[in-house]
Amino acid sequence: MSLKRTIFGQVFITDFQVANEILKKYPSIKIENNHFSIQAYDDFINNSNNAQLKEIENEYRQKLSEKQRRLEEERKRIEEEKKKLEEERRKLEEEKRITRNQQEILRQLAEIENKQQQNHQESSNIQQKIAKQKEEEDKIKEQKQKYCQNRLDRITENAIKKGYIVKKKIVENNKIKLILQLREL
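In terms of our numbering, the sequence shown opens at residue 1 and continues consecutively.
Printed below as a string of structure tokens:
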């Protein structure tokens, strides 16, 4: 009677997904204690079992290294995408900052334009007030001149009624001076 023995491979299995994928091709191979194993009987243990285990282990190593290479490529691609996204984010932040600055400048320009319009309006109002004041001053001056002339006429009339002759009329600082001479009878 022959004894049933388990022959273990030398490779420690870390990725069971890859290992199970390989085992689909070899139904007689199992995984025990994180190693590939094959059941053999004492009288049937031969080099073919060991060769088959080595072949499976080599295939496992090859697929594992391919998977690691793919994962590394994917990691690099993701890293590059992250860098691109980070650069794009920086550009967007810069554009945002520029946009905010432009909006602030536009707001300040609008304020300045508003102030200029207010100043222009105030200037216009002041010019109108000055013109109105000048008109009023001209009217007052004209009225003063009329008043002075009327007063001069009244004083002259009164002087003539009293028998004086007006030799000279002098108006200085709104004061009327008359040089009179008594009329001879």
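Virtual Cβ for every residue (Gly too), placed ideally from N, Cα, C.
When the options are compared against residue i, the one with the closest alpha-carbon
i, options, result
"GLU184", "THR14, LYS162, GLY9, GLU55", "LYS162"
"GLN17", "LYS146, GLN181, TYR60", "TYR60"
"GLU57", "GLN68, LYS76, GLN133, HIS35", "HIS35"
"ASN20", "ILE31, VAL11, PHE12", "ILE31"
"THR14", "GLU80, LYS63, GLN117", "LYS63"
"ASP153", "ASN49, ILE140, ARG77, VAL171", "VAL171"
Chain-order list of residues whose beta-carbon lies under 6 Å from that of residue i (same chain, five-residue window excluded)
i, result
"MET1", "Confidence at MET1 is low in this model, with a pLDDT of 47, below 50, so the placement of that residue should be treated as unreliable; the coordinate-derived value is given next. For MET1, where only same-chain residues beyond five positions count, there are no Cβ hits under 6 Å."
"GLN108", "none"
"LYS168", "ILE179"
"GLU104", "none"
"ILE165", "GLN181, ARG183"
Through-space distance from residue j to residue i, alpha-carbon basis
i, j, result
"GLN39", "ILE7", "6 Å"
"ARG100", "GLU86", "21 Å"
"GLU137", "ASN174", "16 Å"
"LYS132", "GLN118", "21 Å"
"ILE112", "GLU135", "34 Å"
Beta-carbon contacts of residue i that lie in its chain and below 7 Å, excluding the five residues immediately before and after
i, result
"LEU53", "ILE7, GLY9, PHE36, ILE38"
For residue i: DSSP bridge partner residues
i, result
"GLU104", "Per DSSP, none; premise fails for GLU104."
"LEU186", "Because residue 186 is not part of the residues shown, which for the chain are 1 to 185, the question remains open."
"GLU113", "Paired residues: none, contrary to the question."
"PHE36", "ILE31"
"PHE8", "SER37"
"TYR164", "LEU182"
Nonlocal neighbours in the same chain, by C-beta distance under 8 Å from residue i, ignoring five residues either side
i, result
"ILE176", "CYS148, ARG151, LEU152, ILE155, LYS169, ILE170"
Quick check: the segment 67–85 against the segment 24–34, are at least 3 beta-carbon pairs closer than 8 Å? no
Taking one C-beta from the segment 139–155 and one from the segment 115–126 each time, how about it: are there three or more such pairs within less than 8 Å? no
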